[in-house]
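Residue numbers (our numbering): 217 to 527.
Step one of this worksheet: look at the structure below.
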């Protein structure tokens with residue numbers, strides 16, 4: 217099993233580390249445009265192999281996509297974060313060009329690859345890859361919901377308090393502060409609804425804290441988070457590589473599910489060896505469905521900014 221990660225920054229390197237430590241992949245390729253950067257990250261990670269007990273081979277390469285040939289799964293983390301004074305249109309224009317170039321180069325050497333998109337704005341970049349490639353919808357996956365759900369579980373476990381492993385909870389909707397929808401009604405601790413442990417006021421507080429989870433860390437760290445995003449990606453890769461058929465909320469192209477079409481947004485999916493095996497159209501109440509549809513309008517508005525780009 218060969219996995220490629222494009223972008224050897226903090227998120228990409230964390231992806232590689234967590235995948236290697238789980239020891240299910242034979243090879244992980246780190247690719248970056250900065251000279252010797254991916255090679256250095258790969259060497260540093262390989263020097264932990266005897267200490268962390270993994271046999272996965274990690275190699276780095278500077279923009280040589282031939283080294284990614286015959287990858288089963290590729291993760292795209294490339295792109296720039298939004299900088300002070302930068303408009304949303306400017307961010308999308310830059311990152312769309314980067315994601316387009318990366319995708320085309322990956323497919324040149326790995327025609328059957330399954331793509332996991334991390335680049336922001338994630339739902340729009342996932343949609344862009346669908347439009348650029350016309351690949352089967354099961355082979356293009358946006359990572360966001362898996363990360364948002366992990367943050368949701370952390371907040372719940374912190375509030376109860378209890379181990380995070382006790383918590384089953386999910387965030388759907390767009391991967392943005394205003395777009396995500398933490399499903400507090402369905403969240404449980406060992407099959408017991410969390411409303412048995414926490415007040416409605418506390419549940420609302422947890423939901424709001426989850427929505428700004430990324431922004432909170434950026435303010436604290438001065439940059440975007442990397443440990444949890446890397447772990448989220450590795451979990452998706454693991455489920456696909458080992459045909460685990462686990463359910464994760466991921467950004468998927470919808471064709472009528474939840475009453476939505478022609479956009480990518482976070483919904484529960486089953487991940488297997490073929491990528492998205494199935495979209496689980498769970499039963500939402502009226503309020504949850506209304507919020508999901510509102511989130512979809514926000515995603516569509518961002519997607520519309522792609523129309524002015526000559527891609």
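In this text, a Cβ means the ideal position worked out from N, Cα and C, and glycines have one as well.
Between residue 346 and residue 466 the beta-carbon gap is near 13 Å, outside 8 Å, which marks them as no contact.
The beta-carbon distance between residue 454 and residue 238, rounded to whole angstroms, is 6 Å. This is short enough to meet the 8 Å contact definition. Residue 527 carries a coil assignment under DSSP once its states are collapsed to helix, strand and coil.
Cβ neighbours of residue 431 within its own chain (closer than 7 Å, five residues either side excluded): 393.
Closest by C-alpha distance to residue 348, out of 275, 376, 482 and 314, is 314.
Rounded to whole angstroms, the separation of the alpha carbons of residue 387 and residue 424 is 12 Å. A contact is defined here as three or more CB-CB pairs under 8 Å, and the stretch 359-374 fails this definition with respect to the stretch 499-511.
Closest in C-alpha terms to residue 355, from the list 519, 492, 520 and 374, comes 492. Using a Cβ distance threshold of 7 Å, residue 375 and residue 383 do not count as a contacting pair. The continuous beta strand (DSSP E) containing residue 290 extends over residues 289-292.
Burial check for residue 420: the Cβ neighbour count within 10 Å stays below 16, so the residue is exposed. The shortest C-alpha to C-alpha distance from residue 447 to any of 342, 404, 256 and 227 is the one to 227. If you look at residue 234, you'll find it in the alpha helix (DSSP H) that goes 226-238. Taken in chain order, the complete beta strand (DSSP E) segments of 3 or more residues contained in the stretch 462-504 are 462-471, 477-488 and 491-495. For residue 396, the three-state secondary structure derived from DSSP is strand. When secondary structure is reduced to three states using DSSP, residue 309 falls in the helix class.
The criterion of a C-beta distance shorter than 7 Å is satisfied by residue 337 and residue 518.
If you ignore the 5 residues before and after residue 380, its C-beta comes within less than 7 Å of the C-beta of 369, 370 and 373, all in its own chain and listed in chain order. If you draw a straight line from the Cα of residue 282 to the Cα of residue 225, it comes to about 20 Å. One Cα belongs to residue 351, the other to residue 514, and the distance between them is close to 25 Å. Between residue 357 and residue 452 the beta-carbon gap is near 7 Å, inside 8 Å, which marks them as a contact. Looking at the DSSP output, residue 419 bridges to nothing.
Under the three-state reduction of DSSP output, residue 334 falls in the coil class, being neither helix nor strand. Excluding its 5 nearest sequence neighbours in each direction, residue 398 has C-beta neighbours in its own chain below 6 Å: 368, 387, 423 and 426, listed in chain order.
Scanning the stretch 338-412 for uninterrupted beta strand (DSSP E) segments of 3 residues or longer gives 356-358, 387-389 and 396-398, listed from N- to C-terminal end. Counting along the chain, residue 257 sits inside no beta strand (DSSP E); it lies in the alpha helix (DSSP H) bounded by residues 253-262. Counting every other CB atom within 10 Å of its CB across the protein chains shown gives residue 415 a total below 16, marking it as exposed. Between the C-alpha atoms of residue 316 and residue 293 there is a straight-line separation of about 12 Å.
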